[in-house]
Each structure stands twice: as structure tokens, then as C-alpha cells.
Amino acid sequence: MNLSHLIDGKPFESGTARWGDVFNPSRGEVIARVPMGGAAEVDAAVQAAGRAFRTWSVLPVPRRASVLFEYKRLLEQHADELARLVTRENGKTLDEARGDVRRGIEVVDFACGVAQLTKGESLPQVAEQIDAVTMREPIGVCAGITPFNFPAMVPMWMFPLAIACGNTFVLKPSEKVPLTALRLAELFSAAGLPPGVFNVVHGGREVVDALCTHPGVAAVSFVGSSGVAKHVYTLASAQGKRCQAAGGAKNVLLVMPDAEPDSTLRAILGSSFGCAGQRCMAGSVLMGVGRKTADAWREHVSSALAGLKLDDTSANDAAGMGPVIDRVAQKRVVGVVDAAAAAGADLAYRGAAPERGFFVGPTLLDRVEPQMSVFQEEVFGPVLSLVRPETLDEAIATMNRLSFGNGASIFTSSGAAARQFTREIQCGMLGINVGVPAPMALFSFSGWNASFYGDLHVQGAEGVLFYTRQRVVLSRWDKGYVRAQGW
Ligand code: NAD
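In this note's numbering, the protein residues as written are 23 to 509.
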């Protein structure tokens, strides 16, 4: 199946000579071909979005909201179909895919409240005879560039809120998972969204760079790896555009001696091996404080991994862990484990992987040291590194050596340990006895350091600020104006 860009409500055939393969990662089979666009497709999409902005941005806010309400209804109705599509092109299990879709729908739910979210403020008599009013207004054509790991949720962090706020949008989904994005666009159109308000352009770096430099684009939202996040932020902001760019991560799960064992084990497995470790909030470092704790968790995790099933996620609803996204990722992750073992890490557990598809056996590395690259760099696969600090202070100091600042969790029964952790960790999203402390749509996704470039984060209240700008109106209507009319 050859896919198309979606511009001005219609498939856009660009006659491109370059195509990419889209795989079912569970089987390693090609399921579609995606056109790799460039500056011409970006220009067509931005022009269409610019035309649509003229009418969409001035539509009464409740009428925009009513399209969002209908979109939410359609997404709920098609949630299972969307989850199966996510599983097919991304490889995550159906349960995980349902979560991906559900988290996206939560943003649409939040965006339905656009009237309340974008209300301004007023202060009568701010000065003698002068009243002040603020209003939040849309900013224009917004662009979104998204990664492969959440084909539904991450695009939906961006476009529903941007569009609800009165902007129009050009999405460049990951070329590895274009099918879900196209289906999300079709459903939005079926909900009554006018043509040109939401456009999809496929491709890679050429499309990204064209979006970041096109004079018709007002704002760029990016989610992906840190290197590309920094590139996008630098390029877009140099053109005077607003930019929010969320990057990669290295998230630590810190287990204290007094952690509750059963829920902690479930949280570690879900965080580190759920979505085959391909979450920006995946726990990829396990710290057991004190030798006895570390020894015990090496045993708990290794035996749980021995029971983890790896299976074709597109055929088996109950699969335990899916594959990684493609052959390149598979080779890279296996290479990271081999290099870590060669650098002195102790291979505590390495599971077998099925022959077909892009599976990687779940792996636990013990005695990982902070100077090793497996500690410092994002692996983005089912690999957990066990680090053995003696004290909470040492654990926190070691964590704070990481360049990233996305997420970290502590598992403990001690309020004092939890408080020290939440006050001292240099990181934006923290969990206390929670394995994946990803905020729901009501809150912004708050990465720090090399995990985020920009100012206002995606979704939640900061998302609303990002997609709107403030106008302040001061008016003086003193009685002299009435008297001048002779009334
Ligand atoms: P990626 O950086 O390779 O790709 C992201 C997007 O950028 C894609 O649309 C891709 O086409 C484009 N791109 C890739 N290379 C480019 C280049 N050189 N120049 C311009 N554009 C380029 O990321 P990925 O592999 O798709 O996704 C995994 C990464 O995303 C991980 O690092 C993960 O931590 C991160 N991520 C972060 C968050 C967050 O909220 N911080 C959420 C999800 C994923």
C-alpha cells in the first residue's frame, strides 16, 4: 500500500522519487510505503493551513469546541481499531497500544474545554477611568514533528490543543509509523474539521528543516531524541519561531530497602520492559540502595524476566513484550549490551529473542558504573542497568550526573526519603512508588536539562500558553465622551 500526504483535506500526490518502508516490527514484514516529502510538500501544506487559518481562527470558540467534542466521540468509537493500527506499525502490545490511544484521547478531552482554557483576565479601573482586558489568541500555522514510539499519543499532545485554540496545523509524523497519524486525521475530518486545518506531510530531515524555516510557520513542537530536539530548537528559534522540543531520557528507578516488594516489582517491569523499553519515561537504571537491596532486586528482576513472553503482538493480544521498532534499533541495542559487558558490566540476565521480527531479549546488567556509556546514554530498548549506591545521598548525586532530566522514581515507605529525593533530583517528572510518572493531559510534560529545549512544555496549561498569544487592551471611556455627544 502506497500512502499519501494529506493536504487541504485531500491526498496529495507529490510524484516523489523517494519512498520509505513501513514495517510490522513483530514480523519484520513491509506493510506500507511512505512518500518522503521535501520543501515542496511542506510549502503546499503551509499554504493550505495559512488559508484555513483565516476562517478557523475567527470561528466562535464554542463552534470550534463542538468539532473537538465530536472528534472525541469518534476516537472513542474507533479506539480499538486505532490501537490495532498502533500495534501493527509500532509493535507494542495491544494493551500498551490501547494506553497510547487512551492518553491521546485525554488530550482531546482537555482541549474540549478550550473556551474555559483561553479566557482572558480583566481589571476595571486599573488606572483613573481605564479598564484592562487580556485575551488569548491563536498564533497561526503550527507544526508538529513526532517520534515513532507513541504513534497516537505524542501527535495528540500537540494538534488537538493547537487546533482547539484556533490555529491550523501541519504534522510530520515519524516515517516509521505514518498509518496511525493518517487515520487520526481522517477521523478529525469526519468530525467536521474544515479542509486545510490539519495537514500531514511525511518524510524525514528535509521536511523537518523545511518546517523549521518556512516563513509561514509560527510555532514548532518537536518530540524525539535529544540531538534532533536541539537541532530543531536551534533552527526554528533562529527564525523567530516559538519552539518546544522534547528530547531523550535516562530515567532512574531508585529502590530503598523499605520498598513494598510486589508493587515495586510490577512497577519496575512495566517501566523498564513495557513498550520494549521504548518510552521516554522508561526506567533504564535501577538503583538498589545498599548491597542487600541490590542483591535482592537482581534476583527478583532476573526471575521475573525469565517468565516474560515475547510474541507476535499483531497476532497475540496477550503478548508480554513486543519488539523494538526496526532492524537498525535491534542491532544497536544488542550492540549496547555487548559493549557494556565488554566494559565490565555483569550480564545478570539476557533473554532469548524469537527469530522473526525485531525482538531483543530482555536484559539486566549488574554492577554498571556511572562512567560507563550504558549508564550515561539512552538505550531505548529492553535493557536495565543495576547500579549499587551505598546511601540515598550517593544515589542522588549519581543520578544528578546524568545530562538528561526527564523522569525518576523512588520506591520507599519513608516519607523523609521521598521528600529528600523529590527536592534534590535534577529532573522534571518524579514518581513516588510510581514506575512511569508521565503526567496526564491536565498537566504539562515537564522534562528538564537535555530532555527539553524551550520554555513552555507540551500539553496541559503550558500547551495552551504555547499555542496562544496574549493581547492586552486598555480602554478609557470617561464620562466626557458621553457628555460630548450631548446625552
Ligand atoms: P528521532 O529523533 O530519531 O525522530 C523524531 C522525529 O525527528 C521523526 O519525525 C524523524 O523523522 C525526525 N528526524 C530524525 N532524524 C532527524 C534529523 N537528523 N534531522 C531532522 N529531523 C530528524 O526519534 P525517534 O527514534 O523517532 O524516537 C525516539 C526518541 O524520542 C527517544 O530519544 C525518546 O526518548 C524520545 N521521546 C521523547 C519524549 C519526550 O516527551 N521527551 C517522548 C517520546 C519520545
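The beta carbon of each residue, even a glycine, is placed where N, CA and C say it ideally should be.
Item to complete: Using a threshold of 8 Å, state whether the C-beta atoms of PRO411 and MET309 are closer than that.
Response: Cβ distance < 8 Å, so PRO411 and MET309 count as in contact.
Candidates PRO57, GLU63, ALA174 and GLN507, of which the one nearest HIS236 by Cα:
Of the listed residues, the one whose Cα sits closest to HIS236 is GLU63.
- Task: With hydrogens ignored, establish whether the beta-carbon of GLU128 is closer than 7 Å to any heavy atom of the ligand NAD.
- Result: Because no heavy atom of the ligand NAD lies under 7 Å away, the Cβ of GLU128 does not count as near it: no.
Within the segment 417–490, note down every full alpha helix (DSSP H) run reaching 4 residues or more, in order along the chain.
Entirely contained in the segment 417–490, the alpha helix (DSSP H) runs reaching 4 residues are, in chain order, 437–446 and 482–488.
Got a sec: does the ligand NAD put a non-hydrogen atom nearer than 7 Å to the Cβ of SER196?
Yes.
Beta-carbon separation of VAL486 and VAL155 under 8 Å? No; because the gap between Cβ atoms is not below 8 Å, this pair is not in contact.
Subject >> For GLN481 and ASP131, the rounded distance between their alpha carbons >> reply: Computed Cα separation, rounded: 12 Å.
request  = Please confirm whether LEU287 and PHE443 have their CB atoms less than 8 Å apart.
outcome  = Not in contact: LEU287 and PHE443 (Cβ atoms no closer than 8 Å).
Closest to GLY142 by C-alpha separation, out of MET157, LEU183, ALA149 and ARG498, would be which residue? Nearest option by C-alpha distance: MET157.
Between ASN171 and the rest of its own chain, which residues show a CB-CB distance below 6 Å, the 5 nearest in sequence each way excluded? For ASN171, where only same-chain residues beyond five positions count, the Cβ hits under 6 Å are GLN300.
Problem set entry | Separation of LYS114 from MET343, as counted between CA atoms | Those two C-alpha atoms are separated by around 7 Å.
- In terms of residue numbering, what span does the alpha helix (DSSP H) encompassing PHE132 cover? Looking at the DSSP string, the run of the alpha helix (DSSP H) that includes PHE132 is 116–133.
Nearest-angstrom beta carbon gap, PRO200 and VAL44 [assumed within contact, 8 Å]
With 8 Å as the limit, VAL44 and PRO200 qualify as a contact, their Cβ atoms being about 6 Å apart.
Helix, strand or coil: how does DSSP classify ASN46 here?
Collapsing the DSSP output to three states places ASN46 in a strand.
If you count every other CB in all the chains shown that lies within 10 Å of the CB of GLU35, and 16 or more means buried, which is it?
That one is exposed.
Sorry if obvious, but does the Cβ on CYS164 come closer than 7 Å to a heavy atom of the ligand NAD?
Every heavy atom of the ligand NAD is 7 Å or more from the Cβ of CYS164, so no.
Write down the C-beta distance between LYS263 and ALA240 rounded to the nearest angstrom, noting that I regard them as a contact closer than 8 Å. About 6 Å; that satisfies the 8 Å criterion.
Below 6 Å CB to CB, which residues in the same chain sit around ASP10 once its five sequence neighbours on both sides are set aside?
-> Residue 10 cannot be examined here, being either before or after the span of the chain that is shown, 23 to 509.
Contacts around PRO392, its chain only, beta-carbon distance under 8 Å, and the 5 residues preceding and following it disregarded:
Result list for PRO392: GLN398, VAL409, THR420 and ARG423, in chain order.
Beta-carbon gap between ASP153 and SER466 smaller than 8 Å: For ASP153 and SER466, no; Cβs fall outside 8 Å.
Quiz item: Can a CB atom of chain D be found closer than 8 Å to the CB of PHE34?
Solution: This model lacks chain D altogether, as it is built from one protein chain only.
Practice problem: Express the C-alpha separation of PRO384 and ASP415 in angstroms, rounding to a whole number. | Solution: Our two residues, ASP415 and PRO384, have alpha carbons roughly 30 Å apart in a direct line.
Please name the residue in ASP317, SER243 and MET462 whose C-alpha comes closest to that of PHE474. Nearest C-alpha to PHE474: SER243.
key: Contact test: PHE191 Cβ vs the ligand NAD heavy atom, cutoff 7 Å   = Not under cutoff, so the answer is no.
Any idea what DSSP makes of GLU228, helix, strand or coil? DSSP places GLU228 in helix when its eight states are reduced to three.
*If you draw a straight line from the C-alpha of CYS234 to the C-alpha of ASN221, how long is it?*
Distance between the alpha carbons of CYS234 and ASN221: 16 Å.
Problem set entry | Touching by the beta-carbon criterion (3+ pairs, under 8 Å), the segment 194–211 and the segment 221–230 | Taking a cut-off of 8 Å on C-beta distances, the segment 194–211 touches the segment 221–230, as three or more cross pairs fall below it.
Spatial distance of PRO376 from VAL401 (CA atoms):
A straight line joining the alpha-carbon of PRO376 with that of VAL401 spans about 20 Å.
Q. Cβ atoms of LEU193 and PHE210: under 8 Å apart, would you say?
A. No.
- Item | Whether ALA207 touches LEU90 by CB criterion (8 Å) | No, Cβ-Cβ distance for ALA207 and LEU90 is not below 8 Å.
TODO: Give a single yes or no on whether SER247 has its beta carbon closer than 7 Å to a heavy atom of the ligand NAD.
DONE: For SER247, the shortest separation between its Cβ and any heavy atom of the ligand NAD lies below 7 Å.
*Between ARG125, LEU406 and ALA184, which lies nearest to PRO160 when the distance is taken from Cα to Cα?*
PRO160 has its Cα closest to that of ALA184, out of ARG125, LEU406 and ALA184.
Got a sec? Which residues, its chain only, sit under 7 Å from ARG505 by beta carbon, not counting five neighbours each side? Around ARG505: no qualifying Cβ.
Point to revise | When SER293, ALA74, LEU452 and GLN261 are compared against ASN189, the one with the closest alpha-carbon | key: Residue ALA74 is the option with its Cα nearest to ASN189.
**Report entry** Cβ shell of GLY292 (< 6 Å), same chain only, five flanking positions each side left out
**Finding:** Contacts found: GLY457.
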